[in-house]
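Below is one structure, written out as structure tokens; comments come after it.
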Amino acid sequence: MNLRVFDSEQQAAAACAARIAEAVRDTPSLVLGLPTGRTPLNVYRELVALSARGALDLSRASTFNLDEFFGLPPEDAGSFRSYMERHFFQHVNLAPERIHFLDGSAPDAEAECARYDAELAAAGGLDLVLLGIGANGHIAFNEPGDSLLAPCHRVKLGRETRLANAALFGDDPARVPLEALTLGMASILQARRVLLLAFGARKAEAVSAMLHGPVTPRCPASFLQLHRDVEVWVDPSAAGPGRGVGATR
Ligand code: PGA
């Protein structure tokens with residue numbers, strides 16, 4: 006895994022957007038895995054700016070979001086679908102039929118997860134997946150536990166994860182749905198390239214466990230140690246004390 010420590014979150018986000026734009030230039034039909042949360046907000050802002058300047062053409066690209074709250078319709082203001090519309094989809098030239106999302110209001114979670122995995126398989130899997138990391142080491146909503154699941158699945162969200170998502174629900178953790186649907190570990194580990202972003206001291210411990218700890222379901226991100234092409238881009242505070250600029254593992 007390659008760790009790169011940027012001087013600031015903004016610099017990492019700009020570099021990340023530039024990397025995505027370059028990947029789309031190389032492969033216009035790129036299949037991108039996309040996260041939500043606070044971490045990628047500046048990346049979406051930068052991508053929207055590139056698109057407005059004509060430096061990013063997503064007309065042939067496909068996107069698959071990583072996860073969605075279960076029990077929420079897509080149009081709910083707290084849904085990840087709404088977040089993506091607000092911060093990204095509305096502002097770029099993605100073809101609506103190539104935007105893929107888990108439907109949190111699907112009556113049958115299992116069938117919905119199977120549909121999503123099949124759609125992703127039909128698209129050929131993820132070419133590039135952008136990831137955040139939970140302070141508890143989760144990636145997408147693959148939460149720490151005794152075991153991890155390979156396919157897309159329904160998951161009970163941990164208390165910490167629900168707290169971290171309260172901003173989408175008027176800062177009221179009690180309103181954060183109890184469950185979610187998430188891509189499983191297989192789709193993430195089968196992505197051809199992984200770019201993980203982490204910012205802020207709150208993430209330092211998880212970043213360290215991911216990079217240097219044992220490969221364990223207690224830290225789902227640690228499974229990325231098994232992947233050939235993972236870049237981890239952080240700001241100095243997520244790098245933890247004593248990590249120098251440009252450090253590589
Ligand atoms: P955050 O969430 O970007 O809001 O910190 C990241 C994650 O939980 O994966």
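As numbered in the working numbering, the sequence shown has no gaps in its residue numbers, which increase by one up to the final residue, 254.
Built from N, CA and C at the ideal position, the CB exists for glycine as well.
As the structure is a computational prediction, the values presented were derived from the model and not from experiment.
Query	Result
Assign Arg180 to one of two classes, buried (16 or more other C-beta atoms within 10 Å of its C-beta) or exposed (fewer than that).	exposed
Just reading off the alpha helix (DSSP H) that Val36 is part of, what are its end residues?	Not the alpha helix (DSSP H): Val36 falls in the beta strand (DSSP E), residues Val36 to Leu39.
Per DSSP, what are the beta-bridge partners of His105 in this structure?	Phe69
Output the distance between the C-alpha atoms of Leu229 and Arg43, rounded to the nearest integer angstrom.	21 Å
Alpha carbon to alpha carbon, what distance is there between Leu200 and Glu51?	16 Å
Can you name the start and end residues of the beta strand (DSSP E) that Leu97 belongs to?	Here residue 97 is Val; the residue named in the question, Leu, does not match the sequence. No beta strand (DSSP E) contains Val97, which DSSP labels as neither H nor E.
Just to confirm, are Ala18 and Pro45 a CB contact at a threshold of 9 Å?	yes
Express the C-alpha separation of Ser34 and His158 in angstroms, rounding to a whole number.	27 Å
Can you list, in chain order, the residues of its chain whose CB lies under 6 Å from that of Ala203, leaving out five sequence neighbours each side?	Ile138, Val212, Val239 and Ala243
What do you reckon, are the CB atoms on Lys161 and Glu184 nearer than 9 Å?	yes
Are Leu61 and Ile25 touching if we call contact CB-CB under 9 Å?	yes
Measuring straight from C-alpha to C-alpha, what distance separates Ala128 and Ser67?	8 Å
With 16 other CB atoms within 10 Å as the buried threshold, where does Asp12 fall?	exposed
What is the rounded straight-line gap between the Cα of Pro225 and the Cα of Glu117?	23 Å
Taking 8 Å as the line, does the beta carbon of His255 fall inside it for any heavy atom of ligand 1?	This structure does not reach residue 255, given that the chain is present from 6 up to 254, and the question cannot be answered.
Using a 10 Å radius around the Cβ and a threshold of 16 neighbouring Cβ atoms, would you call Glu14 buried or exposed?	buried
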